[in-house]
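Enquirer:
Protein chains: 6
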Amino acid sequence: MFKLLFAFTVLILSSNASVQDFCVADLKGPESPAGYSCKSVTKVTVNDFVFSGLSAAGNTSNIIKASVSPAFAAQFPGLNGLGLSAARLDLAPGGVVPFHTHPGASEVLLVVQGSITAAFVSSANTVYLKTIKKGELMVFPQGLLHFQVNAVGFNSVAYVFFSSSNPGLQITDFALFANDLSTKLVEATTFLDEAQIKKLKGVLGGTG
Amino acid sequence: MFKLLFAFTVLILSSNASVQDFCVADLKGPESPAGYSCKSVTKVTVNDFVFSGLSAAGNTSNIIKASVSPAFAAQFPGLNGLGLSAARLDLAPGGVVPFHTHPGASEVLLVVQGSITAAFVSSANTVYLKTIKKGELMVFPQGLLHFQVNAVGFNSVAYVFFSSSNPGLQITDFALFANDLSTKLVEATTFLDEAQIKKLKGVLGGTG
Amino acid sequence: MFKLLFAFTVLILSSNASVQDFCVADLKGPESPAGYSCKSVTKVTVNDFVFSGLSAAGNTSNIIKASVSPAFAAQFPGLNGLGLSAARLDLAPGGVVPFHTHPGASEVLLVVQGSITAAFVSSANTVYLKTIKKGELMVFPQGLLHFQVNAVGFNSVAYVFFSSSNPGLQITDFALFANDLSTKLVEATTFLDEAQIKKLKGVLGGTG
Amino acid sequence: MFKLLFAFTVLILSSNASVQDFCVADLKGPESPAGYSCKSVTKVTVNDFVFSGLSAAGNTSNIIKASVSPAFAAQFPGLNGLGLSAARLDLAPGGVVPFHTHPGASEVLLVVQGSITAAFVSSANTVYLKTIKKGELMVFPQGLLHFQVNAVGFNSVAYVFFSSSNPGLQITDFALFANDLSTKLVEATTFLDEAQIKKLKGVLGGTG
Amino acid sequence: MFKLLFAFTVLILSSNASVQDFCVADLKGPESPAGYSCKSVTKVTVNDFVFSGLSAAGNTSNIIKASVSPAFAAQFPGLNGLGLSAARLDLAPGGVVPFHTHPGASEVLLVVQGSITAAFVSSANTVYLKTIKKGELMVFPQGLLHFQVNAVGFNSVAYVFFSSSNPGLQITDFALFANDLSTKLVEATTFLDEAQIKKLKGVLGGTG
Amino acid sequence: MFKLLFAFTVLILSSNASVQDFCVADLKGPESPAGYSCKSVTKVTVNDFVFSGLSAAGNTSNIIKASVSPAFAAQFPGLNGLGLSAARLDLAPGGVVPFHTHPGASEVLLVVQGSITAAFVSSANTVYLKTIKKGELMVFPQGLLHFQVNAVGFNSVAYVFFSSSNPGLQITDFALFANDLSTKLVEATTFLDEAQIKKLKGVLGGTG
């Protein structure tokens with residue numbers, strides 16, 4: 001009996017040789033609109049599906065008193081093509097993740113320490129604002145502006161999860177002030193005062 | 001022969017009775033994540049697939065000297081579920097469509113009159129800026145911040161097309177200043193000065 | 001200026017009146033293959049986007065010494081159509097989430113307390129097994145068999161996130177033994193011994 | 001032990017109460033771009049997932065000596081939203097399924113009796129033509145023109161499967177000649193001679 | 001402050017190094033079912049997102065008195081993977097774009113000069129016919145047969161936009177008559193007369 | 001006239017040179033989450049779209065008295081990216097395809113000889129069981145456990161079709177017992193007795 005079943009096993013296994021249950025990112029291969037190329041299955045190990053990079057607190061010794069550590073497909077290759085990714089937020093007292101969007105994904109936030117005030121703004125300009133406590137979840141629909149600020153006097157920590165292995169991250173301030181877009185064009189397209197723009201360009205390293 | 005073939009015709013037609021080639025929006029039915037409910041095929045006419053609302057120039061007698069007229073599924077029901085929509089931009093001299101995103105779609109712009117300076121900013125904060133002339137196209141990838149400004153001393157007109165029948169439109173200034181999000185939170189999450197925020201809240205009708 | 005800009009605001013807002021940034025589940029409306037019907041935007045509040053049901057530990061006083069608390073679209077309506085959902089795992093000492101699949105989603109697991117030994121099995125029958133510590137992530141590709149067991153002598157807690165607002169959950173033991181599928185057919189299709197099947201049917205409430 | 005596990009069972013089952021493993025078509029509910037509404041799970045039986053309508057030969061006593069019997073979601077409600085459908089082709093000697101397309105799906109053909117000559121034409125106008133024998137498969141990529149003709153002197157039978165539960169079916173001759181599109185416009189847009197058009201309009205019941 | 005924020009900037013930027021906001025086509029790399037390979041971001045410039053090839057009128061000195069100029073991903077690499085593409089139609093007096101389909105996309109047409117009579121035919125063989133004036137839009141659902149003819153005595157110009165960066169284009173006449181499919185098979189699968197087929201094969205360069 | 005039209009033909013053909021109607025798998029190129037790389041169109045022939053490997057009966061001289069012969073994209077390259085694949089089931093008297101899932105696809109089964117008893121189990125642990133006769137279809141929703149057993153005293157044959165060119169196949173017994181997952185962990189995660197597990201590991205070649 002063993003022999004016969006083993007024959008069957010081999011048949012099935014060989015038919016599965018090319019089955020693509022997953023596509024661990026080969027960061028050196030060509031990319032397509034669907035994501036990174038797949039690493040050869042023979043080189044894949046469990047470590048491709050495990051990520052330890054979000055275990056430790058990020059460095060919050062910066063002006064926003066916060067850090068955002070991504071676990072996208074580029075950092076966590078096992079996620080490639082699976083429609084999921086993650087990030088860790090550390091917010092020191094007074095810490096802020098400024099207004100930003102994820103162009104390619106919706107987001108769910110889970111507070112694991114402290115408490116975080118978060119909001120998103122809809123296309124109709126309505127603000128959906130709430131203070132989220134430890135163990136609570138909040139969802140931010142795809143592409144909409146949102147922010148997170150620490151709501152307590154000690155460190156808060158959250159993990160966020162995205163509906164894409166490549167959600168993108170566009171921080172509005174950086175998009176407006178941390179490049180060489182001319183002050184004149186920023187002024188024309190934001191209604192902000194010239195002095196305000198120049199001040200923030202100075203802070204964020206923008207030119208023009 | 002006619003009779004036999006006619007029998008065949010009837011067979012095929014009846015099998016097609018419920019074929020869903022399209023799903024013209026019934027704006028009064030329930031909505032799903034995939035879009036509006038479908039109008040009964042028996043009530044659909046060619047006029048559901050034609051839209052005249054973008055023929056005339058929009059009103060540019062406003063502070064941005066510009067107008068944006070949408071032809072999304074809500075205005076043009078034949079688009080529902082087909083992965084496409086449109087809008088018309090009219091830009092008087094000095095006219096500007098301020099920084100904005102479309103949370104759910106990529107966009108292609110076609111200039112049909114005049115000339116328009118447009119740009120988008122990538123997640124890496126790089127600016128892709130160009131002046132587009134009549135008959136030229138520019139594409140804005142999904143969810144990224146972009147703007148359009150008139151580049152000539154007379155009216156410019158463009159049509160834009162989206163990769164969704166419901167692309168959304170979030171104008172950054174309106175999202176930040178045209179609602180009741182407190183000045184304190186806007187300040188914390190944008191790095192803008194309080195005076196600047198209050199000024200723009202005043203202009204855009206925001207409170208708090 | 002205020003007046004003119006306000007006019008523009010109204011124009012834009014009205015054009016956005018029907019924009020569908022999100023589709024909060026109306027659990028009483030018709031369902032479609034894309035998910036639940038959308039609740040009217042005028043009835044949506046921030047509470048639709050926040051979920052507190054995973055804050056407290058689940059009850060682990062059961063045979064598996066574990067609990068799985070879902071936050072799918074049915075529990076957390078704001079997720080509907082956004083391609084994301086979540087669940088909380090509580091594992092007492094000796095606790096086990098038995099072999100199961102999610103037919104419609106990939107999963108990322110985040111350990112927030114203790115340590116969990118988890119594994120998935122690929123189509124080629126390879127086991128990807130690892131003990132995940134607090135703050136670490138593991139991904140389980142869509143539809144593949146996987147399990148989680150507590151790896152420490154005290155309570156472990158994890159949150160899992162899915163790439164669908166309706167991932168499904170099929171626990172293999174329940175599918176095989178907790179219904180009226182005849183012992184004879186279970187025997188024929190699993191190679192398990194009759195006595196074993198009858199024993200587990202007894203435990204899990206199956207008949208036949 | 002039974003009691004405790006039973007409690008766990010109930011917990012899991014209740015959390016699954018709203019899980020949408022499938023969406024059997026409710027043909028009387030509203031349709032969305034994603035398909036038909038879902039029948040209540042409590043009313044679903046195994047018969048919704050089984051279809052007997054393709055067991056018997058179709059009637060080939062017609063001019064094309066062939067019949068096409070669909071099993072799309074409208075006929076076979078269990079397919080709704082699952083990305084699959086089927087049809088049966090019966091081809092008497094000399095039987096032909098004329099040039100047609102499926103606007104919304106790719107197709108795989110399986111010959112179960114006789115032999116069929118089939119072809120599709122690519123966008124580059126290349127013809128991919130082959131005679132398919134019993135037990136062989138041929139694939140027709142989405143939306144491309146293709147046909148099937150009986151290659152033997154007795155009845156041939158094939159089953160075809162589509163990558164959508166609503167693939168559509170547009171037979172070119174019927175689209176051109178079986179409606180009220182004016183002969184003049186057909187002539188202008190097909191380069192066919194007026195006499196030819198009028199002849200086929202006559203056969204197929206077209207007017208104008 | 002500058003220093004600290006700059007540190008934060010660098011952190012964010014480096015995490016974004018591999019973010020894939022877009023996938024400009026590298027026409028020499030391998031293709032996948034999702035489209036062309038992506039050009040290295042370091043080689044991408046704004047010119048990849050701008051296309052001037054549709055600015056000038058196409059040559060209408062041909063038998064159909066019309067020209068179709070595509071801006072698909074192969075011509076306009078910035079569109080790759082973004083779910084959009086375009087084409088320009090020039091129609092001299094009497095000009096016609098003959099019956100055709102786009103196997104992979106829906107289409108929206110915008111008339112920018114003159115007036116165009118257009119129609120599509122549904123799976124139920126219903127004709128949706130309308131004369132579209134300058135500034136008006138018409139939508140053609142995916143995969144369905146449609147045509148456009150000039151409705152005025154001077155040149156008409158339209159731009160069309162597709163819901164895919166690779167919509168395909170299959171002109172029915174070319175598919176039937178511009179290749180080596182035998183006259184006998186064309187006759188059998190179209191019901192056209194042999195003489196008619198041979199005449200059009202002659203005109204269009206077909207053989208067999 | 002010929003000359004002019006031919007010019008038009010050439011224009012259209014050249015614009016189509018890069019159209020991707022299909023993406024025949026190049027099994028040696030890089031894979032992406034969307035599937036295999038595309039073979040050069042110039043090397044594609046009709047044989048890429050035809051598959052003869054399911055014409056002959058599979059070998060049922062094994063313990064399950066059954067065989068499963070796949071025609072996935074790895075075996076039938078023309079299917080790559082088209083959202084379809086197939087397999088042939090041969091069931092000798094007493095033959096069984098044991099409980100299994102397809103992680104990435106729904107399935108439709110067509111019986112072409114004999115009669116087959118099949119069932120799937122939903123997330124709510126409901127069994128949908130039916131004996132399917134020649135010419136009948138049964139659908140198995142994505143990712144759910146299902147099986148097929150011969151219902152007659154002679155050979156039964158079925159063809160199954162999947163909603164993906166890469167559906168995957170995970171046979172529960174092989175996933176549990178045909179690898180090196182320790183008996184202790186299998187016991188903990190399945191509730192099966194140690195003796196039962198060791199017996200099946202022995203039969204299926206598992207270790208540990």
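As you go down the protein sequences, you meet chains V, P, F, G, U and X in turn. Residue numbering for the first sequence is 1 to 208, as defined by UniProt numbering. Residue numbering for the second sequence is 1 to 208, as defined by UniProt numbering. Residue numbering for the third sequence is 1 to 208, as defined by UniProt numbering. Residue numbering for the fourth sequence is 1 to 208, as defined by UniProt numbering. Residue numbering for the fifth sequence is 1 to 208, as defined by UniProt numbering. Residue numbering for the sixth sequence is 1 to 208, as defined by UniProt numbering. In this text, a Cβ means the ideal position worked out from N, Cα and C, and glycines have one as well.
1) Assign U:Phe154 to buried or exposed, taking buried as 16 or more other Cβ atoms, counted over all protein chains shown, within 10 Å of its Cβ.
2) For V:Asn150, write down the residues that DSSP places opposite it in a beta bridge.
3) If you measure from the beta carbon of P:Gly168 to each beta carbon in chain G, is any gap under 8 Å?
4) With burial defined as no fewer than 16 other Cβ atoms inside 10 Å of the residue's Cβ, what is the status of X:Glu31: buried or exposed?
5) Helix or strand or just coil, what does DSSP make of U:Ile171?
6) From V:Ser106 to G:Glu187, what distance separates their C-alpha atoms?
7) In chain G, what lies closer than 7 Å to X:Ala25 by C-beta?
8) Give the range of the beta strand (DSSP E) segment to which X:Val41 is assigned.
9) Using a C-beta to C-beta distance shorter than 7 Å, which residues of chain U count as neighbours of P:Leu192?
10) Excluding the five sequence neighbours on either side, which residues of its own chain have a C-beta within less than 6 Å of the C-beta of U:Pro77, listed in chain order?
11) Measure how close the beta-carbons of V:Ala151 and V:Thr131 come, nearest whole angstrom, since I'm counting them as under 8 Å.
12) Using beta-carbon positions only, say whether P:His102 and P:Gly208 come within less than 8 Å of one another.
13) Looking at the structure shown, is X:Ile197 part of a helix, part of a strand, or coil, going by DSSP?
14) Where does F:Thr126 sit, in a helix, a strand or coil, going by DSSP?
15) Ignore the nearest five residues each way along the sequence and tell me which others in V:Val203's own chain have a CB closer than 8 Å to its CB.
16) Which word fits X:Pro93, buried or exposed, when buried means at least 16 other C-beta atoms lie within 10 angstroms of its C-beta?
17) Does the beta carbon of U:Pro70 come closer than 8 Å to any beta carbon on chain G?
18) Please state the DSSP three-state secondary structure of P:Pro77.
19) Leaving out five residues before and five after U:Leu144 in sequence, what residues of the same chain have Cβ atoms less than 8 Å from its Cβ?
20) Taking only beta-carbon positions, decide if X:Asn47 is within less than 8 Å of chain U.
21) Considering only their Cβ atoms, is the gap separating P:Leu137 from P:Leu91 smaller than 8 Å?
22) Locate the beta strand (DSSP E) running through X:Leu89, then write down its first and last residues.
23) Let me know the secondary structure DSSP gives F:Ala66 once reduced to three states.
24) In chain order, what residues of the same chain have a beta carbon less than 8 Å from the beta carbon of F:Gln75, not counting five sequence neighbours either side?
25) Specify, as a first and last residue, the run of the alpha helix (DSSP H) that F:Leu185 falls within.
26) Using a cut-off of 9 Å between C-beta atoms, extract the partners of F:Val186 located in chain V.
27) Considering only their Cβ atoms, is the gap separating F:Phe22 from V:Pro70 smaller than 8 Å?
28) Taking C-beta pairs closer than 8 Å, name the residues in chain X that G:Asp173 reaches, listed in chain order.
29) Check the Cβ of G:Ser37 against every Cβ in chain F and list those closer than 7 Å, keeping chain order.
30) Locate the beta strand (DSSP E) running through X:His22, then write down its first and last residues.
31) Can you name the residues of chain V whose CB is closer than 8 Å to the CB of X:Pro103?
32) State the CB to CB distance for the pair P:Ser67 and P:Asn59, rounded to an integer number of angstroms; the pair is presumed to be in contact (CB under 8 Å).
33) What's the C-alpha gap between X:Ile197 and F:Arg88?
34) With a CB to CB cut of under 7 Å and the five nearest residues on each side skipped, what residues in its chain are close to P:Gln113?
35) Should G:Val149 and U:Thr189 be called a contact, given that it needs their Cβ atoms to be closer than 8 Å?
36) Going by C-alpha to C-alpha distance, which of P:Asn125, P:Ala73, P:Lys65, P:Leu84 sits closest to P:Val96?
Expert: Taking the definition as stated:
1) It is exposed - the Cβ of U:Phe154 has fewer than 16 other Cβ atoms within 10 Å.
2) V:Ile116
3) no
4) Counting Cβ neighbours within 10 Å, X:Glu31 comes out buried, since at least 16 surround it.
5) Residue state, collapsed to three classes: strand.
6) Cα-Cα distance, rounded: 51 Å.
7) Chain G residues near X:Ala25: none, gap ~12 Å exceeds 7 Å.
8) In the DSSP assignment, X:Val41 falls outside any beta strand (DSSP E) and carries neither an H nor an E.
9) By Cβ distance, chain U contributes nothing, its closest Cβ being about 15 Å from P:Leu192, past 7 Å.
10) Val24, Ala25, Asp48
11) With a contact defined as Cβ atoms closer than 8 Å, V:Ala151 and V:Thr131 qualify at about 5 Å.
12) no
13) In the three-state reduction of the DSSP assignment, X:Ile197 falls in the helix class, which pools H, G and I.
14) coil
15) If the five residues before and after V:Val203 are omitted, its C-beta is found closer than 8 Å to the C-beta atoms of Ile63, Phe177, all from its own chain and listed in chain order.
16) exposed
17) no
18) helix
19) Thr101, Phe120, Val121, Ser122, Ser123
20) no
21) no
22) 85 to 91
23) strand
24) Closer than 8 Å at Cβ, skipping near neighbours: Phe51, Gly53.
25) 183 to 190
26) What F:Val186 touches in chain V: nothing, since even the nearest Cβ is about 19 Å away.
27) no
28) In chain order: nothing, as chain X lies at least about 22 Å away.
29) Pro30, Glu31, Ser32
30) The amino acid occupying residue 22 of chain X in the given sequence is Phe; His does not appear at that position. Segment: none, X:Phe22 is in no beta strand (DSSP E) and carries neither H nor E.
31) Asp21
32) 6 Å
33) 30 Å
34) Lys134, Asn155, Ser156, Val157
35) yes
36) P:Lys65
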